[in-house]
Amino acid sequence: MGDLIDLVLLAMLAITALQMIFLKDLFAVVMLFGIFSFLSALIFINLDAVDVAFTEASVGAGISTVLMLGTLAITGRKEKKSAHSSFLPLLVVCITGAALIYGTLDMPPFGHPNNPIHEHVAPRYIEESPKEVGLPNMVTSVLASYRGFDTLGETVVVFAALIGVLALLGVRRQEENDVPESGFKAHHVLHVVARFFIPLIILFALYVQFHGDFGPGGGFQAGVIAAAAFILYTLVFGLSRSFSVVGPKFLQVLASIGVLLYASVGLFSMYKGGQFLDYSKLATDPIVGQHYGIIVIELGVGITVFAVMLSIFYAFGSQAERSNIQ
Amino acid sequence: MLDQHLAALPILLPLIAAPITLLLGRSLFAWVFATAISAIACYFSWLLLSAALTESVLSYAVGGWPAPWGIELRVDAANAFVLLAVSALSTLVLIYSKDSIEKEIEPSKHTLYYTAHMLCFAGLSGILLTGDAFNLFVFLEVSSLATYTLVSLGSDRRCLTAAFRYLVMGTIGATFILIGVGMLYMNTGTLNMLDLAHRIDIYESNRTINTGLAFIMVGVSIKLALFPLHMWLPAAYTHAPSAVTAFLASTATKVAFYVMIRFIFTIFGLNYVFDEMGMDLILMVLAIVAIFKCSYMATVQSNVKTVLAYSSVAQIGYMILGISLGSVTGLMAGLIHIFNHALMKGALFMAVGAVFYRVGSVDINAFKGLGKQMPLTMAAFTIAGLSIIGVPLTVGFISKWYLVTAALEQQHWILAALVLAGSLLAVIYIGRVIEAAYFQKPPATQDSKQVKEAPWLMLAPMWALVLANIYFGVDTSLTTEAARSASEWLFQTSTIAATSSAEVPQ
Amino acid sequence: MNFILDYYNYWIVVFLMMTGFYIVISANNLIKKIVGLNVFQTSVFMLYISMGKVNGGTAPILVDGVTLYSNPLPHVLILTAIVVGVATTSVGLALIIRIKRAYGTVEENEFEKQDDAI
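Respectively, the protein sequence lines represent chains A, B and Z. Residue numbering for the first sequence is 1 to 326, as defined by the numbering used here. Residue numbering for the second sequence is 1001 to 1506, as defined by the numbering used here. Residue numbering for the third sequence is 2001 to 2118, as defined by the numbering used here.
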């Protein structure tokens, strides 16, 4: 049954991807991308990757699609006919595709439990991590503890994206009088529903943040969901209201603090005599130390991701307002 | 305390400094802080190189988890040597930046420039010191994103399209590397570089691993700007701010070259890549085409930054030629050229940036008569230019010397001749600029009162690099010792990976 | 037949990768290039996650009574890669907005013409 679902989802993905090549209406292409992202999230669930599915749905189908739509609002939704022929790209793609298919021939068969990747490094994660790190969610153990350095790098990548978007777009402080009001001022239903939902979304984000040790979730997903709450607020009530609640400068400070919080856990471990990011040194009982370490770094990640995602949205939103688009 | 964490500090310093730089707000504070951190990181990288030369390998288990379950930093002479070059250039470019970006970047973005520079430096340091293949990908993306940002800070709108094209090509390259690493991981079950080396060896003639190697090579070649995947480079170097180009030209492609060396020698093993897969011939041919096509392109450009950009692609060709020879001397030539080219190109781009600062243009016509008006700057350009040509007493000569020696060792007479012929083209493209500066009169339209010598904050780092060019060209002991140790160690461990299939760590 | 069952997953993922790759290199409109880049990257993620699946296993979260789990390491790698992907996308889209403001167009052949005219 799982195989059948897998096959159907993959077929739907293939059709979606193919359609994207031929459509000229960019709005449709972006929507198809959102669908593609959601379908991949479903495939990830089918393949037992629940944390990944969660992240793909919120980040890929959520943030990426929103940003693309924001860009479309400024650049226009029709693609013009291309002047150059598609022969060379097609040739390159066929050669690359052929090389990849050739490469799949010696791959370990799909799903077999004796494949090389299940033999060497993974058994320790599966068998020992509940004892060494003490968390049920093995993905969080590996992400936050065993491979915590990667996650620090990832947080820095998010921070780098903030720097990039700020350098390119900046964020203008909205003056009340000289910019047309955005937001759906007249739609009372939206106001009421938004006021109802936003606190729930924030609560859910906090739940995901702290429950990531026991179920799917963690800092990234939580940060994105919290940002989504404020994005909803901005869409309904307008950028200027949003700026007075959570201002752009404050978000930049938050983003920096998140990264510094993560790094300071590592520095504290060094101060206690261990290696960088060695959480066992944070408390007398190593398992408790692991828990402290993981909670604090996940918090750092969540804070940075929230601040960066919201800042990027503010930057794109300010640009859209400058174009006088509602 | 310092000893225990020496391997990690060069990465941690700029990594933690980046958000602090953003928080500092005022560009003056950001500049002082960034330069100080870069200088300290440079000092640590010097200590690290000394330690690597005595102990061969230093290993640091991040998080306290031993490899391959945790991420390991692994330092030997090769990456410590490149790190020294990167750190030194970072510090000098930061000193140079203060005045240079006044004329090229909007004031409100100066702090963002310094933050992005710190991020790029942190990313490059991470790539160099890591011993984990996926961690390499993460730091590659850190430095790449920072690089795209830095390029887009230029004043001409063409920097935007250049940055976008660089972003698309760079991300394709990084995704290819990810695919390659995935294929390796699939068949070995590990991501640690040393562990991969031991395990790949067991699976001989595995089609998946062959394809993985191919994808990694193509991905790295894009980052390296190896012909014909170099298209992003000329526009990006030309339209980025001068300080950015000075830093990127000396470091970013060199770090990609190190990544290629690490994959070929340490992870896959020389036998596999060169003898079984025949990559040495491909690399050799591409290198020669790069040298000649790009040196030629450099001779016909009117924008001096574009001349130097094409020259950079040609120099990368020389480095690739070095490793394609597959000998200790060849690899040593490539490694030494990493360091030397950083010194040469850094000085050249700084000189051109100084010209832009005073004159406002870097077209070759703007250089007319500058020999008299900006004597120190043009003298710096001339000496660094002679270095690129390969005149004795400069580091450029040392690089070419080892390259020709390596070619002659294997009786590749034609190759040696080609290397020398490439220098002739360099004479042309450098000579054009020197001729304009010293033998022609300044254009009548130019306001000669404004064109005086560059400010000393820009001259000092420029001349530091020029003097280093001469110093290391005369007293080659440091660079040759480091490069030789690195080369011999890489060859030694490459053979171990290829022959010891018996000892597989559990 | 067994061979196909073992490998069809990989082949369809390769097809998706190539579709995304084709969109990136052939599209004239910059936004479509970014969409293609995302499709390409997401397909690579599917390749990694497919490697981690164990037939009969379940999600790698410790539950009483379950002994067979899918491999958590690919999940960790892809979590990182997804975030890296969205970071790149946001910088790319910001660049597109600036290009639109500077050139008036985001079609590659049109702004290349403007650049060549200089």
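Idealized CB from N, CA, C, for every residue including glycine.
Q: State the Cα-Cα distance for the pair Thr2019 (chain Z) and Phe1121 (chain B), rounded to the nearest angstrom.
A: Start at 1 with the first residue of the third sequence, and residue 2019 (chain Z) comes out as number 19. Start at 1 with the first residue of the second sequence, and residue 1121 (chain B) comes out as number 121. So the alpha carbons of these two residues sit roughly 35 Å apart.
Q) Straight-line CA distance for Gly1131 (chain B) to Val1057 (chain B)? A) Stepping through the second sequence from its first residue, residue 1131 (chain B) is reached at position 131. Stepping through the second sequence from its first residue, residue 1057 (chain B) is reached at position 57. Cα-Cα distance, rounded: 11 Å.
Q: Check whether the Cβ atoms of Ala1052 (chain B) and Ala1077 (chain B) lie closer than 8 Å to each other.
A: Within the second sequence, the letter at position 52 stands for residue 1052 (chain B). Within the second sequence, the letter at position 77 stands for residue 1077 (chain B). Yes. Within cutoff.
Q.
Counting C-beta neighbours from all protein chains within 10 Å, is the total for Ala1008 (chain B) 16 or more, i.e. buried, or is it exposed?
A. Numbered from its first residue, the second sequence carries residue 1008 (chain B) at position 8. By the neighbour-count rule (16 or more Cβ atoms within 10 Å), Ala1008 (chain B) is buried.
(Q) Here's the rule: buried if 16 or more other CB atoms are within 10 angstroms of the residue's CB, otherwise exposed. What is Ile1414 (chain B)? (A) Within the second sequence, numbered from 1, the residue matching residue 1414 (chain B) stands at position 414. Around the beta carbon of Ile1414 (chain B), fewer than 16 other beta carbons lie within 10 angstroms, which makes this residue exposed.
Q: Could you say which of A:Gln252, A:Val253, A:Val192 and A:Ala263 lies nearest to Leu232 (chain A) if we only look at CA atoms?
A: Position 232 of the first sequence, counting from 1, holds the residue named residue 232 (chain A). Of the candidates A:Gln252, A:Val253, A:Val192 and A:Ala263, the one whose C-alpha sits nearest the C-alpha of Leu232 (chain A) is A:Val192.
Q.
Rounding to the nearest angstrom, what Cα-Cα distance links Ala1017 (chain B) and Ser1155 (chain B) in this structure?
A. On the second sequence, residue 1017 (chain B) is found 17 positions in, with the first residue counted as 1. On the second sequence, residue 1155 (chain B) is found 155 positions in, with the first residue counted as 1. Distance between the alpha carbons of Ala1017 (chain B) and Ser1155 (chain B) is about 26 Å.
Q | Boundaries (first-last residue) of the beta strand (DSSP E) holding Leu1058 (chain B) | A | On the second sequence, position 58 is the one that residue 1058 (chain B) refers to. Per DSSP, Leu1058 (chain B) belongs to the beta strand (DSSP E) from Leu1058 to Ala1061.
Q. Is Val179 (chain A) helix, strand or coil when you go by DSSP?
A. Position 179 of the first sequence, counted from the start, is the residue given in the question as residue 179 (chain A). The pLDDT assigned to Val179 (chain A) is 46, lower than 50, so where the model puts this residue is not dependable, and the model offers no usable value.
Q: Report the residues of the stretch 1224 to 1242 of chain B with a CB closer than 9 Å to any CB of chain A, ordered along the chain.
A: For the stretch 1224 to 1242 of chain B, the beta-carbon criterion of a distance under 9 Å to any beta-carbon of chain A is satisfied by none of its residues.
Q) Which residues in chain C sit within 7 Å of Glu298 (chain A), going by Cβ to Cβ distance? A) Protein chains A, B and Z are contained in the structure displayed, whereas chain C is not.
Q) Going by DSSP, which residues form a beta bridge with Lys78 (chain A)? A) On the first sequence, residue 78 (chain A) is found 78 positions in, with the first residue counted as 1. In the DSSP output, where bridge partners are listed per residue, Lys78 (chain A) has A:Asp25.
Q. Apart from the five residues just before and just after Tyr1060 (chain B), which ones in its own chain have a Cβ nearer than 6 Å to its Cβ?
A. Against the second sequence, residue 1060 (chain B) aligns to sequence position 60. Ala1007, Ala1008 and Leu1073.
Q: Mark Cys94 (chain A) as exposed unless 16 or more other C-beta atoms lie within 10 angstroms of its C-beta, in which case mark it buried.
A: Your numbering for residue 94 (chain A) matches position 94 in the first sequence. It counts as exposed.
Q | Any C-beta of chain B under 8 Å from that of Val2084 (chain Z) | A | Taking the first residue of the third sequence as position 1, residue 2084 (chain Z) is located at position 84. It does: the Cβ of Val2084 (chain Z) has a partner Cβ on chain B nearer than 8 Å.
Q. At a Cβ threshold of 8 Å, is Leu1002 (chain B) touching chain A?
A. Walking along the second sequence from the start, residue 1002 (chain B) turns up at place 2. It does not; no Cβ of chain A falls within 8 Å.
Q: With distances taken Cα to Cα, identify the nearest neighbour of His1239 (chain B) among B:Ala1464, B:Leu1089 and B:Ser1152.
A: Counting from 1 along the second sequence, the entry for residue 1239 (chain B) is found at position 239. Taking only the C-alpha atoms, the option nearest His1239 (chain B) is B:Ser1152.
Q | Ser1500 (chain B) in three-state terms, based on DSSP | A | Start at 1 with the first residue of the second sequence, and residue 1500 (chain B) comes out as number 500. The predicted model places Ser1500 (chain B) with a pLDDT of 43, which falls under 50 and marks its position as unreliable; any figure quoted below should be read in that light. Residue state, collapsed to three classes: coil.
(Q) Counting only Cβ-Cβ distances shorter than 7 Å, please list the residues of the stretch 1170 to 1185 of chain B near chain Z, keeping chain order. (A) Thr1171, Ile1172, Thr1175, Leu1178, Ile1179 and Gly1182
Q: Evaluate contact between the stretch 2046 to 2059 of chain Z and the stretch 2022 to 2037 of chain Z, counting only Cβ atoms and requiring at least three cross-stretch pairs below 8 Å.
A: Contact between the stretch 2046 to 2059 of chain Z and the stretch 2022 to 2037 of chain Z is not established, with fewer than three Cβ pairs separated by less than 8 Å.
**Q.** Secondary structure of Ile1055 (chain B), DSSP reduced to three states
**A.** For the purposes of this step, residue 1055 (chain B) is taken as the residue at position 55 of the second sequence. Note that residue 1055 (chain B) is Glu in the sequence shown here, rather than Ile. In the structure shown, Glu1055 (chain B) sits in a helix (DSSP, three-state: H, G or I).
(Q) My assumption, with CB atoms under 8 Å, is that Ser311 (chain A) sits in contact with Leu235 (chain A). Please give the rounded CB distance. (A) Indexing the first sequence from 1 puts residue 311 (chain A) at position 311. Indexing the first sequence from 1 puts residue 235 (chain A) at position 235. Their Cβ separation, rounded to whole angstroms, is 16 Å, which puts Ser311 (chain A) and Leu235 (chain A) out of contact at 8 Å.
Q. Is it true that the stretch 1133 to 1150 of chain B meets the stretch 1097 to 1106 of chain B, where meeting means three or more beta-carbon pairs spaced less than 8 Å apart?
A. Between the stretch 1133 to 1150 of chain B and the stretch 1097 to 1106 of chain B, the count of Cβ pairs shorter than 8 Å is below three; the stretches do not touch.
Q | Alpha-carbon to alpha-carbon, Tyr1438 (chain B) and Val1372 (chain B) | A | Here residue 1372 (chain B) refers to the residue found at position 372 of the second sequence. Here residue 1438 (chain B) refers to the residue found at position 438 of the second sequence. Residue 1372 (chain B) is actually Lys in this sequence, not Val. In a straight line, the C-alpha of Lys1372 (chain B) is about 7 Å away from that of Tyr1438 (chain B).
Q.
Does the CB of Tyr2008 (chain Z) have a neighbour CB from chain B at under 8 Å?
A. Stepping through the third sequence from its first residue, residue 2008 (chain Z) is reached at position 8. It does not; no Cβ of chain B falls within 8 Å.
Q. Under a three-way DSSP split, which group does Leu277 (chain A) fall into?
A. As a position in the first sequence, residue 277 (chain A) is number 277, starting the count at 1. Coil, per DSSP.
(Q) By the three-class DSSP mapping on this structure, what secondary structure does Arg1074 (chain B) have? (A) By one-based count along the second sequence, residue 1074 (chain B) stands at place 74. Note: Arg1074 (chain B) maps to strand in three-state DSSP.
Q.
So for Glu1453 (chain B), helix, strand or coil by DSSP?
A. For this step, residue 1453 (chain B) is matched to residue 453 along the second sequence. Glu1453 (chain B): coil per DSSP, three-state reduction.
Q: Could you give the DSSP three-state label for Glu2107 (chain Z): helix, strand or coil?
A: Counting from 1 along the third sequence, the entry for residue 2107 (chain Z) is found at position 107. In this structure, Glu2107 (chain Z) counts as strand in the three-state DSSP scheme.
Q) Which whole-angstrom value describes the C-beta separation of Ala1256 (chain B) and Ala160 (chain A), a residue pair presumed to lie in contact below a C-beta threshold of 8 Å? A) What you label residue 1256 (chain B) is simply residue 256 of the second sequence in a count that begins at 1. What you label residue 160 (chain A) is simply residue 160 of the first sequence in a count that begins at 1. Wrong, their Cβ atoms sit about 18 Å apart, outside the cutoff.
Q: Could you check what DSSP says for Asn1206 (chain B) in three-state terms: helix, strand or coil?
A: Walking along the second sequence from the start, residue 1206 (chain B) turns up at place 206. Looking at Asn1206 (chain B) - three-state DSSP - the assignment turns out to be coil, as it is neither helix nor strand.
Q) Cβ of Leu72 (chain A) within 8 Å of Cβ of Leu26 (chain A)? A) For the purposes of this step, residue 72 (chain A) is identified with residue 72 of the first sequence, where counting begins at 1. For the purposes of this step, residue 26 (chain A) is identified with residue 26 of the first sequence, where counting begins at 1. Yes. Within cutoff.
Q: Would you please state the rounded distance, in angstroms, between the beta carbons of Val2044 (chain Z) and Arg147 (chain A)? I believe it to be under 8 Å.
A: For the purposes of this step, residue 2044 (chain Z) is identified with residue 44 of the third sequence, where counting begins at 1. For the purposes of this step, residue 147 (chain A) is identified with residue 147 of the first sequence, where counting begins at 1. The Cβ separation is near 19 Å, so there is no contact.
Q. Are Gly218 (chain A) and Asp51 (chain A) closer than 8 Å when you measure CB to CB?
A. Against the first sequence, residue 218 (chain A) aligns to sequence position 218. Against the first sequence, residue 51 (chain A) aligns to sequence position 51. Yes. Within cutoff.
Q) Can you find a C-beta in chain A that's less than 8 Å from the C-beta of Gly1131 (chain B)? A) Counting from one through the second sequence, the residue named residue 1131 (chain B) turns up at place 131. It does not; no Cβ of chain A falls within 8 Å.
Q. Mind listing which residues of the stretch 1127 to 1159 of chain B have their C-beta closer than 7 Å to chain A's C-betas, in chain order?
A. Within the stretch 1127 to 1159 of chain B, Phe1134, Asn1135, Val1138, Phe1139, Glu1141, Val1142, Leu1145, Ala1146, Tyr1148, Thr1149, Ser1152 and Leu1153 place their CB atoms closer than 7 Å to a CB of chain A, listed in sequence order.
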